[in-house]
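Undergrad:
Residue numbers (the numbering used here), protein chains in the order written: chain A, 75 to 187; chain B, 737 to 850.
1) Spatial neighbours of residue 188 of chain A within its chain, please: CB distance less than 6 angstroms, with the 5 preceding and 5 following residues excluded, ordered by chain position.
2) As a quick exercise: from B:737, B:757, B:841, pick the residue whose alpha carbon is nearest that of residue 847 of chain B.
3) Please list the segments of the beta strand (DSSP E) lying wholly inside the region 759-842 of chain B, counting only runs of 3 or more residues, in order along the chain.
4) Could you tell me whether any Cβ in chain A is nearer than 7 angstroms to the Cβ of residue 799 of chain B?
5) In chain B, which residues lie with their C-beta within 7 angstroms of the C-beta of residue 105 of chain A?
6) At a CB-CB cut-off below 8 angstroms, which residues of chain B make contact with residue 134 of chain A?
7) Under three-state DSSP, which class holds residue 746 of chain B?
8) Under a three-way DSSP split, which group does residue 140 of chain A fall into?
9) For residue 151 of chain A, write down the residues that DSSP places opposite it in a beta bridge.
10) Closest Cβ-Cβ distance between residue 771 of chain B and chain A: below 7 angstroms?
11) Confirm, please, whether the CB-CB distance from residue 92 of chain A to residue 81 of chain A is below 7 angstroms.
12) Look up residue 158 of chain A in the DSSP assignment and say whether it is helix, strand or coil.
13) With contact counted as at least three CB pairs below 8 angstroms, one residue from each stretch, are the region 123-137 of chain A and the region 789-798 of chain B in contact?
14) For residue 121 of chain A and residue 850 of chain B, I'd like the C-alpha separation in whole angstroms.
15) If you measure from the beta carbon of residue 138 of chain A to each beta carbon in chain B, is any gap under 7 angstroms?
16) Put residue 145 of chain A into one of helix, strand or coil per three-state DSSP.
17) Considering just the uninterrupted stretch of the beta strand (DSSP E) at residue 755 of chain B, what are its terminal residues?
18) Can you give the Cα-Cα distance for residue 133 of chain A and residue 755 of chain B, rounded to whole angstroms?
19) Check this for me: beta carbons of residue 740 of chain B and residue 834 of chain B, under 7 angstroms apart or not?
20) Considering only the alpha carbon of each residue, which of A:177, A:186, A:110 lies closest to residue 782 of chain B?
21) How many angstroms separate the CA atom of residue 820 of chain B from the CA atom of residue 751 of chain B?
22) What does the Cβ neighbour count give for residue 185 of chain A, buried or exposed, with the cut at 16 atoms within 10 Å?
23) Just to confirm, are residue 843 of chain B and residue 116 of chain A a CB contact at a threshold of 7 angstroms?
24) Using 7 angstroms as the threshold, is the C-beta distance between residue 809 of chain B and residue 749 of chain B below it?
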């Protein structure tokens, strides 16, 4: 099983809403990532979790709040977002060391209205 | 700091033509990994190949081949006899920083015309 599953696939939310994006993998990977991708741009790293601990936060605004409840799950809690936060949000996981590639989910297309 | 440059923004080829996608990277790390990913319109990033900084052996896999040249910091990707299904955005990526941070290039959009 080399799947990273993200839900929901599409999400439309108002600027006052609170929502969560979910990511799940069962490959035993201990590094999990959130990326944000705007149209026609490369993915931009937001957060990295290593062994369920936040190890990298790329100066992401606090309206994005990551959570890693266990080694298989990664959440991204959203609150008071802006229309410019509309993007494709990608989750990825990797095994340890450099020999493994990152496996990506299909992403959640988020629209903030 | 790490940087990946894909100078080609968009490429169009006619089906069955060969096409090479360029990637140039910058890093001060002596140990690093390079990847190519494909992103079709569906959005998912699909892993294609990995190379580490100690392995300059080039590889051919079916219609795909890769040319890693450490001396020029380049990791180019060639598709032979392109097909319409190859149409996608291709990203070159660099893994450094204690193997945590994956930095992507700006991507090359490939359109294969029937």
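For glycine and all other residues, C-beta sits at the position ideal for the given N, C-alpha and C.
TA: Well, looking at it:
1) Since the first residue of chain A shown is 75 and the last is 187, residue 188 of chain A is not available in this structure.
2) B:757
3) 760-762, 769-775, 782-788, 795-797, 800-805, 810-815, 824-832, 837-840
4) no
5) 836
6) Those do not exist, as residue 134 of chain A stays about 14 angstroms from chain B at its closest Cβ, beyond 8 angstroms.
7) strand
8) strand
9) A:94, A:139
10) yes
11) no
12) helix
13) no
14) 40 angstroms
15) no
16) coil
17) 755-757
18) 38 angstroms
19) no
20) A:177
21) 6 angstroms
22) exposed
23) yes
24) no
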